[in-house]
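Colleague:
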Amino acid sequence: MPELPEVETTRLGLLPHLVGQQIQALILRRYDLRWPIPRQLPELLAQQRIKCLDRRAKYLLLTTSHGSALIHLGMTGVLRILAAPGEPGPHDHWDLRLENGWVLRYSDPRRFGCLLWQAPGQIHPLLARLGPEPLSEAFTGELLWQRSRGRKVAVKIFLMDQSNVVGVGNIYASESLFAAGIDPARAAGRISCIRYARLAVAVRDTLRRAIRRGGTTLHDFHQPDGQPGYFYQDLSVYDRQGQACRHCGAPIRQRQLGQRASYYCPHCQH
DNA sequence: AACGAATCCTGTGCGC
DNA sequence: TGCGCACAGGATTCGT
2 MPELPEVETT RLGLLPHLVG QQIQALILRR YDLRWPIPRQ LPELLAQQRI
52 KCLDRRAKYL LLTTSHGSAL IHLGMTGVLR ILAAPGEPGP HDHWDLRLEN
102 GWVLRYSDPR RFGCLLWQAP GQIHPLLARL GPEPLSEAFT GELLWQRSRG
152 RKVAVKIFLM DQSNVVGVGN IYASESLFAA GIDPARAAGR ISCIRYARLA
202 VAVRDTLRRA IRRGGTTLHD FHQPDGQPGY FYQDLSVYDR QGQACRHCGA
252 PIRQRQLGQR ASYYCPHCQH
């Protein structure tokens, strides 16, 4: 669920609660997320003041003077900020207790998320090979065009490859390709520079609109205050197979690409 | 090198 | 209503 807009929504919701706060304790209940949580993490974070909360790709970086905690939400991870936390449920894997009594609680049924550590001046291997941020100047259609020359892979797969551009997952890849009028199954290497320029604009616009709506809630995702994201109502193609295209009225189709469901309008996308 | 597929987990929703 | 199966928003790793 959590693609760039959901992670950014989480970050924005947490910012006023976390930055400047001192950490009282990190309580770990399970270590076996996607990768094991480093055992020394509670020691590294205790009594430290949170300097900033940044986002790189779909990772959140919670930074103190000792280094940064790297948080990824995987498929089903949710961060909530709680004034009066109840008893933790079976999927509440860790709590970050703050000086003021509030608690940042991480919940993740599938445990595809992670909590890792990055020392100052170092770049974690998971962050090393990431492509440009889609909302930055570095992300352009020309870059996508250059990188895709000779590639036979479907453009949707190409767009979801985090070494080409970060933050775009299954939902926003489908949505952006619809907005750009490009068939998701088309070979990435057979799309013109002009059309990639259109796609880059579509990606940026789609992500920005989704952030404004607080992300997309299909099942699990919630904002830190418990609210769902409202972009679901704005989806053009994702999860709309059989329904009328909002642009031309043709029925939206679904097909498998790279073992993942893709949604598109057969009339508007070529 | 590039691509396809398996993999890590649990929950849900569907068809029978 | 109960059961089994397919599938789910991510992304690394492995085999061809």
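In this text, residue positions in the first sequence follow our numbering: the first is 2, and each later residue adds one.
Ideal Cβ placement from N, Cα and C applies to all residues, glycine included.
1) Between the region 73-81 and the region 214-233, can you find at least three pairs of beta-carbon atoms closer than 8 angstroms?
2) I'd like the ranges of any beta strand (DSSP E) spanning at least 3 consecutive residues and lying wholly in the region 105-173.
3) Does the beta-carbon of Q270 have 16 or more other beta-carbons within 10 angstroms, so that it is buried, or is it exposed?
4) Sort out for me which residues DSSP pairs Q255 with in a bridge.
5) Between A186 and L116, how many whole angstroms is the CB-CB distance? I'm expecting something under 8 angstroms.
6) Please go through the same chain and pick out, in chain order, the residues whose beta-carbon is closer than 7 angstroms to the beta-carbon of A26, but skip the five residues on each side of it.
7) Would you be able to state if there are at least three C-beta pairs under 8 angstroms between the region 134-146 and the region 181-198?
8) Please state whether the Cβ-Cβ distance between A211 and G182 is less than 9 angstroms.
9) Find out if the Cβ-Cβ distance for the pair L128, R57 is shorter than 9 angstroms.
10) Let me check one thing: in DSSP terms, what residues is C53 bridge-paired to?
11) Nearest to V20 by CA position, among Y32, A174, P252, I51, is which residue?
12) Using the DSSP secondary-structure output, state which residues sit across from Q23 in a beta bridge.
13) Measuring only the C-alpha atoms, how far is V167 from R209?
14) By Cβ distance below 6 angstroms, which residues in the same chain neighbour D1 in space, the five residues on each side in sequence not counted?
Modeller: By the coordinates alone:
1) yes
2) 115-119
3) buried
4) Y264
5) About 37 angstroms separates the two Cβ atoms, so there is no contact after all.
6) P43, A47, R98
7) yes
8) no
9) yes
10) T64
11) I51
12) R50
13) 14 angstroms
14) Lying before the first or after the last residue shown, residue 1 is absent from the chain, which here runs from 2 to 271.
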